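Colleague:
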Amino acid sequence: MLRSIPLASRIGIAAAAACVLLAEGAPALARQPTEAEFRALQAQVRELEDREEIRALIIEYGHLLDTRDFVGFSKLFATNGEWIGGFGRAKGPKAILALMYQYMGKGPFDARNVKGFHLLTNFYIHLDGDRATARTKLVFMSRNKDNRPTPAMGGHYDDELIRENGQWKFLRRVVMMDIPFQDPREIKGEPPPAPVDGP
Amino acid sequence: MSASVERRSAAPRHRLAPIVAGAAIASGIVVLSLVARPLLARTQAHDTVLERLQRLEDREQILDLFTAYGATLDRGDFAAFEALFAEDAEYGGGAGPLVHGRAAIRASLESIIARNPANLPKPDFHLYFNPTIEVTGDRATARSLGAYVVPDAGTKGARLAIFVTYEDVLVRRDGRWLFLRRAIHGGIPATIR
């Protein structure tokens, strides 16, 4: 049957078929940004996600402390993650867990007797690939003798963060108390910290 | 003589033609698939980026919902407050039972605010803090803190009267994010009813 069609017609049919196939692909072609534009878009979305994930990590830190989940809390730190605060310092999730148990005890969380809330705000985040730095304001709301929430202290966190196995973790967290003032690094005989660029 | 020569030379052309055409079509398909494959992969990656962007936008819309929750109560706009909940929503706090349904939730809040059981002075407003939101398609879960700011008779300033934790399930209906469940617990003071 094919033999009855002249060669020129056959090539014509093949060309027409190719055109149909191309036309099917054309909308996809038209919709496509250039490779460079697409990579830029991917990077922008990644940055927004990174900022969200870091904010969530910082909020989770407060929640796990407030609900006395110290095991979960210790896992927010990188393998070499360090916590520096009023209780001293500890490096690595195991050591951080031990430090929390030492100072906060092992008693369970009682939802009817909440001790207080970490109120976290003013997230200031700088991304640098798989690393980041952050500074966050903190007001600790505690229950006073009249059973009312009352701001017990104000301060901030200075964080170094790392993406470890695809998840953002604390590489170094310094808990600075501003009101009343207490710099955990000064207590441990370290030189005063360098001034920070930014809030 | 010339006719027989023509026939002889025409015969091989006829035999070759389908092979040539076939090869042309085959190579055309190969070339097209080579072009299409990276395009297709990039289209898929493009869709993934759009989905990720959508989740980021969803999160912003859910933050607006949290803001609207406090703002509608603060101005006593219970019609707008009710519209933040799904028809089949649940709402509850402390040790009390959950309230079922949008209309019942509105009635419950109107009643609580009118009764003012904690006898708090006016004016007042809601704050929320520490939101974490997990979006999965048209559903989301969230946790946040809430506070209630009122005048302090002692200092003549303001004070935070109530501090609570919100645990939410959210749903997208007709393109809008709504509360499907809002549970309030773990506060200072412990009971908020």
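Protein chains in written order, with the numbering used here: chain A, 474 to 672; chain B, 21 to 213.
Backbone N, C-alpha and C define an ideal beta-carbon position, used for all residues, glycine too.
Nothing here was measured: the structure is a model prediction, and the numbers come from that model.
For I212(B) and chain A, any beta-carbon pair shorter than 7 Å?
Modeller: Residue placement at I212(B) is poorly supported in this model, since its pLDDT is 46, which falls under 50; the coordinates still yield a value, given next. No, its Cβ sits nowhere closer than 7 Å to a Cβ of chain A.
Colleague: Measure the beta-carbon distance from T606(A) to F596(A) and round it to whole angstroms, keeping in mind my assumption that it falls under 8 Å.
Modeller: Wrong, their Cβ atoms sit about 12 Å apart, outside the cutoff.
Colleague: To test your reading of the DSSP string, which unbroken beta strand (DSSP E) runs of 3 or more residues are found completely within the segment 135-183 of chain B?
Modeller: Runs of the beta strand (DSSP E) inside the segment 135-183 of chain B: 145-156, 159-171.
Colleague: Suppose the cutoff is 6 Å on Cβ atoms and the five residues either side in sequence are ignored; what does the same chain contact list for D651(A) look like?
Modeller: Closer than 6 Å at Cβ, skipping near neighbours: G627, G628.
Colleague: Among P141(B), A61(B), L93(B), Y89(B), which one has its Cα closest to the Cα of V170(B)?
Modeller: Nearest option by C-alpha distance: P141(B).
Colleague: Please name the residue in A178(B), A138(B), E110(B) whose C-alpha comes closest to that of A127(B).
Modeller: When only C-alpha atoms are compared, the closest one is E110(B).
Colleague: Using 8 Å as the Cβ pair cut-off and three pairs as the minimum, do the segment 567-587 of chain A and the segment 533-547 of chain A touch?
Modeller: Contact holds: three or more Cβ-Cβ distances are below 8 Å.
Colleague: Beta-carbon of A491(A) versus every beta-carbon of chain B: anything under 7 Å?
Modeller: Judged by the 7 Å Cβ criterion, A491(A) is in contact with chain B.
Colleague: Thinking C-alpha only, which one of L592(A), H536(A), L514(A) is nearest P624(A)?
Modeller: Cα-wise, what sits closest to P624(A) is L592(A).
Colleague: Alpha carbon to alpha carbon, what distance is there between E510(A) and D601(A)?
Modeller: If you take the alpha carbons of D601(A) and E510(A), they lie about 20 Å apart.
Colleague: Under 7 Å, CB to CB, which of the residues in the segment 63-77 of chain B have a partner in chain A?
Modeller: From the segment 63-77 of chain B, only T63, H66, V69, R72, L73, L76 have a Cβ closer than 7 Å to chain A.
Colleague: Using the three-state DSSP reduction, which class does A673(A) fall into: helix, strand or coil?
Modeller: Because chain A is modelled from 474 through 672, residue 673(A) falls outside the range shown and cannot be assessed.
Colleague: Is V587(A) near G206(B), with beta carbons less than 7 Å apart?
Modeller: Cβ distance < 7 Å, so V587(A) and G206(B) count as in contact.
Colleague: Is there a C-beta anywhere in chain A that falls below 7 Å from the one on G206(B)?
Modeller: Taking Cβ atoms only, chain A reaches closer than 7 Å to G206(B), which makes this a yes.
Colleague: Name the DSSP beta bridge partners of E659(A), please?
Modeller: In DSSP, E659(A) forms no bridge with anything.
Colleague: Since Q640(A) is in the beta strand (DSSP E), which residue starts that stretch and which ends it?
Modeller: Per DSSP, Q640(A) belongs to the beta strand (DSSP E) from 640-652.
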